[in-house]
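Colleague: I am attaching a structure below and will ask some questions about it afterwards.
Protein chains: 2
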Amino acid sequence: MAFSPLVEQLITALRCLPGVGPKSAQRMALHLLERDRDGGLYLAQMLERSLDEVGQCRMCRTLTEEDICSLCRSERRSDETLCVVETPADQIAMEQAGGFNGRYFILTGHLSPIDGIGPEALGLEQLRQRLESSDIKELILATNPTVEGEATAHYIAEMVRDLPVSVSRLAHGIPVGGELEYIDGGTLSRALAGRLPMTE
Amino acid sequence: MAFSPLVEQLITALRCLPGVGPKSAQRMALHLLERDRDGGLYLAQMLERSLDEVGQCRMCRTLTEEDICSLCRSERRSDETLCVVETPADQIAMEQAGGFNGRYFILTGHLSPIDGIGPEALGLEQLRQRLESSDIKELILATNPTVEGEATAHYIAEMVRDLPVSVSRLAHGIPVGGELEYIDGGTLSRALAGRLPMTE
Chain A
1 MAFSPLVEQL ITALRCLPGV GPKSAQRMAL HLLERDRDGG LYLAQMLERS
51 LDEVGQCRMC RTLTEEDICS LCRSERRSDE TLCVVETPAD QIAMEQAGGF
101 NGRYFILTGH LSPIDGIGPE ALGLEQLRQR LESSDIKELI LATNPTVEGE
151 ATAHYIAEMV RDLPVSVSRL AHGIPVGGEL EYIDGGTLSR ALAGRLPMTE
Chain B
201 MAFSPLVEQL ITALRCLPGV GPKSAQRMAL HLLERDRDGG LYLAQMLERS
251 LDEVGQCRMC RTLTEEDICS LCRSERRSDE TLCVVETPAD QIAMEQAGGF
301 NGRYFILTGH LSPIDGIGPE ALGLEQLRQR LESSDIKELI LATNPTVEGE
351 ATAHYIAEMV RDLPVSVSRL AHGIPVGGEL EYIDGGTLSR ALAGRLPMTE
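Protein chains in written order, with my numbering: chain A, 1 to 200; chain B, 201 to 400.
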């Protein structure tokens, strides 16, 4: 015994969402069918519209329904610094933190030969062309501090070595508000190695 | 700074799913746009189809795209017992437990005057008509053991008092595999009151 075929199909379809297992999918399907049909219909329409219209920005590769995204078009941003991040979510996190006024380039992933993700999939050729043809003076590599993120950062640093652009990486260290006692050894030794002179 | 307008609209639309907050909705939207466009499109189609076609069974009020659901049509079920449950999910749980071979009636909720849910919303008039015009000998009230579920059960028992049908309620007691030490007092006193003679 199960739900009717169409309800079962909807439950299966909801499983494509990340973090949604069989029980959550069932709960979502019944919630929409029993209590929020308008919300479900709106969701269906927004899914179809966004999957149809949202593509990559031609400049920075972020997700947008426009040809060139608003940040790349903005005249208030500096053209001298380019920040490389792995995903659009990382870009949003950087923007919400504040303090960066340059442009972005979104890799949409990291190098992962085992999954068949090479330099082409990350648009590294496009990144090089952009560095060659613009006024960018500093390239900030803000990939994640994971094995793959570090490898990707090193690959990019190597790739642009012959260009007149300085390359930097986000600092590693103690999170603000963190307590030394609970910080892992790797982070602590990076924080020690990267110590800065105190200024008054 | 946020995502592009259409991406933000998709994130908002995903919030209609139960248990999905702003962060999960963002993760879902980016996952679908970046990595599973086919899955997203299939989900949109299944949402539209099921919201359009799935309604209530004319007999038992469960969710189905058919006029009368397969369980109500089945000739292998007994017409002498009718089990009243709150939701289609409860019906599935009963079926998966096994041991019941009668028909169902799904209230799609419980009495809740504060939310404006009265006897009409639960189809209680339809339930009474069915009891009057059929061979049902026993009515099992399998609403949840909550305040609202109990109130709903009592209301139904009162409503059918003048009909020649015996009314029963699911037993309360110690869950199978449960340990006495960790069971709440309310359950334990119900288990004591409902004790059964041991048979060899």
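Each residue gets a CB set at the ideal place from its N, CA and C atoms; glycine is no exception. Remember, it's a predicted structure, so these values are computed and weren't measured experimentally.
(1) From the DSSP output, read off the bridge partner residues of Cys-283/B.
(2) In chain order, what residues of the same chain have a beta carbon less than 6 Å from the beta carbon of Gly-323/B, not counting five sequence neighbours either side?
(3) Classify Gly-240/B as buried or exposed, calling it buried when 16 or more other Cβ atoms lie within 10 Å of its own Cβ.
(4) Of all the residues that make up the segment 270-290 of chain B, which are near chain A by a beta-carbon distance shorter than 9 Å?
(5) Can you pull the chain A neighbours of Cys-216/B, defined as C-beta to C-beta under 8 Å?
(6) Out of curiosity, what's the CA-to-CA distance linking Gln-126/A and Leu-107/A?
(7) So if DSSP puts Ile-68/A in a beta bridge, which residue, or which two residues, is it bridged to?
(8) Quick check: what's the CA-CA separation for Phe-105/A versus Leu-43/A?
(9) Where does Ser-168/A fall in DSSP's three states?
(10) Given this structure, state the Cα-to-Cα distance separating Leu-370/B from Gly-299/B, to the nearest angstrom.
(11) Across which residues does DSSP place Gly-55/A in a beta bridge pair?
(12) Counting only beta-carbon atoms, is Pro-205/B nearer than 9 Å to chain A?
(13) When you compare the CB positions of Met-159/A and Arg-128/A, do they come within less than 9 Å of one another, or not?
(14) Please state if the CB of Arg-227/B and the CB of Gly-21/A are separated by a distance shorter than 9 Å.
(15) Any contact between the segment 70-84 of chain A and the segment 137-156 of chain A? By contact I mean 3 or more CB pairs, one from each, below 8 Å.
(16) Give the residues from the segment 99-123 of chain A that approach chain B closer than 8 Å (Cβ to any Cβ), ordered along the chain.
(17) Output the distance between the C-alpha atoms of Leu-263/B and Ala-89/A, rounded to the nearest integer angstrom.
(18) Met-246/B versus chain A: which residues are under 7 Å apart at the beta carbon?
(19) Quick one: measure Cβ to Cβ for Leu-206/B and Val-54/A, integer angstroms, because I've assumed they're closer than 8 Å.
(20) Could you check if Thr-152/A is buried or exposed, using at least 16 other CB atoms within 10 Å of its CB as the buried criterion?
(21) Does Arg-258/B get closer than 9 Å to chain A when you measure Cβ to Cβ?
(22) Taking 9 Å as the CB-CB limit, is Thr-64/A close to chain B?
(23) Label Met-59/A either buried or exposed according to how many other C-beta atoms from any shown protein chain fall within 10 Å of its C-beta, with 16 as the threshold for buried.
(24) Using DSSP's beta-bridge definition, name the partner residues of Ser-112/A.
(25) What is the DSSP secondary structure of Gly-239/B, counted as helix, strand or coil?
(26) Who are the neighbours of Ala-193/A on chain B, taking C-beta pairs under 9 Å?
Modeller: Considering the structure as presented:
(1) Stepping through the second sequence from its first residue, residue 283/B is reached at position 83. By DSSP's assignment, Cys-283/B forms a beta bridge with Tyr-304/B and Ile-340/B.
(2) For the purposes of this step, residue 323/B is identified with residue 123 of the second sequence, where counting begins at 1. Hits under 6 Å: Arg-261.
(3) Here residue 240/B refers to the residue found at position 40 when the second sequence is read from its first residue. Burial call: buried.
(4) For the segment 270-290 of chain B, the set of residues with a beta-carbon nearer than 9 Å to any beta-carbon of chain A comprises Ser-270, Leu-271, Thr-287, Pro-288 and Ala-289, in chain order.
(5) For the purposes of this step, residue 216/B is identified with residue 16 of the second sequence, where counting begins at 1. Contact note: Cys-216/B reaches chain A through Leu-32, Asp-36, Gly-39, Gly-40, Tyr-42 and Leu-43, using a C-beta cutoff of 8 Å and chain order.
(6) Residue 126/A sits at position 126 when you count from the first residue of the first sequence. Residue 107/A sits at position 107 when you count from the first residue of the first sequence. Looking at the backbone, the Cα of Gln-126/A and that of Leu-107/A are separated by about 10 Å.
(7) One-based indexing of the first sequence puts residue 68/A at position 68. In DSSP, Ile-68/A forms no bridge with anything.
(8) Counting from 1 along the first sequence, the entry for residue 105/A is found at position 105. Counting from 1 along the first sequence, the entry for residue 43/A is found at position 43. If I take the Cα positions, the gap works out to 30 Å.
(9) For the purposes of this step, residue 168/A is taken as the residue at position 168 of the first sequence. Looking at Ser-168/A - three-state DSSP - the assignment turns out to be strand.
(10) Locating residue 370/B in the second sequence gives position 170, counting from the first residue. Locating residue 299/B in the second sequence gives position 99, counting from the first residue. In a straight line, the C-alpha of Leu-370/B is about 13 Å away from that of Gly-299/B.
(11) As a position in the first sequence, residue 55/A is number 55, starting the count at 1. Under DSSP, Gly-55/A shares a beta bridge with Thr-64/A.
(12) Locating residue 205/B in the second sequence gives position 5, counting from the first residue. Answer yes: the Cβ-Cβ gap between Pro-205/B and chain A drops below 9 Å somewhere.
(13) To locate residue 159/A, count along the first sequence from 1; it is residue 159. To locate residue 128/A, count along the first sequence from 1; it is residue 128. One thing to note: Met-159/A has its Cβ within 9 Å of the Cβ of Arg-128/A.
(14) Counting from one through the first sequence, the residue named residue 21/A turns up at place 21. Counting from one through the second sequence, the residue named residue 227/B turns up at place 27. Going by C-beta atoms, Gly-21/A is not nearer than 9 Å to Arg-227/B.
(15) Enough Cβ pairs lie closer than 8 Å, so yes.
(16) Of all residues in the segment 99-123 of chain A, the ones placed with a Cβ closer than 8 Å to any Cβ belonging to chain B are Thr-108, in chain order.
(17) If you number the second sequence from 1, residue 263/B lands on position 63. If you number the first sequence from 1, residue 89/A lands on position 89. The C-alpha of Ala-89/A is placed about 38 Å away from the C-alpha of Leu-263/B.
(18) On the second sequence, position 46 is the one that residue 246/B refers to. Counting only Cβ-Cβ distances below 7 Å, Met-246/B has contacts in chain A at Gln-9, Leu-10 and Ala-13, in chain order.
(19) For the purposes of this step, residue 206/B is taken as residue 6 along the second sequence, with counting starting at 1. For the purposes of this step, residue 54/A is taken as residue 54 along the first sequence, with counting starting at 1. The beta-carbon distance between Leu-206/B and Val-54/A, rounded to whole angstroms, is 6 Å. This is short enough to meet the 8 Å contact definition.
(20) Here residue 152/A refers to the residue found at position 152 of the first sequence. Classification for Thr-152/A: buried.
(21) Residue numbering aside, residue 258/B sits at position 58 when the second sequence is read from its first letter. By this cut-off, Arg-258/B is not an interface position.
(22) Your numbering for residue 64/A matches position 64 in the first sequence. With 9 Å as the cut-off, Thr-64/A counts as an interface residue toward chain B.
(23) By 1-based counting over the first sequence, the position of residue 59/A is 59. Answer is buried; the Cβ neighbour count reaches 16.
(24) Numbered from its first residue, the first sequence carries residue 112/A at position 112. According to DSSP, which records beta bridges pairwise, Ser-112/A is partnered with Ile-117/A.
(25) Your numbering for residue 239/B matches position 39 in the second sequence. Correct three-state label for Gly-239/B: helix.
(26) Against the first sequence, residue 193/A aligns to sequence position 193. Contact note: Ala-193/A does not reach chain B at a C-beta cutoff of 9 Å; the least C-beta distance is about 32 Å.
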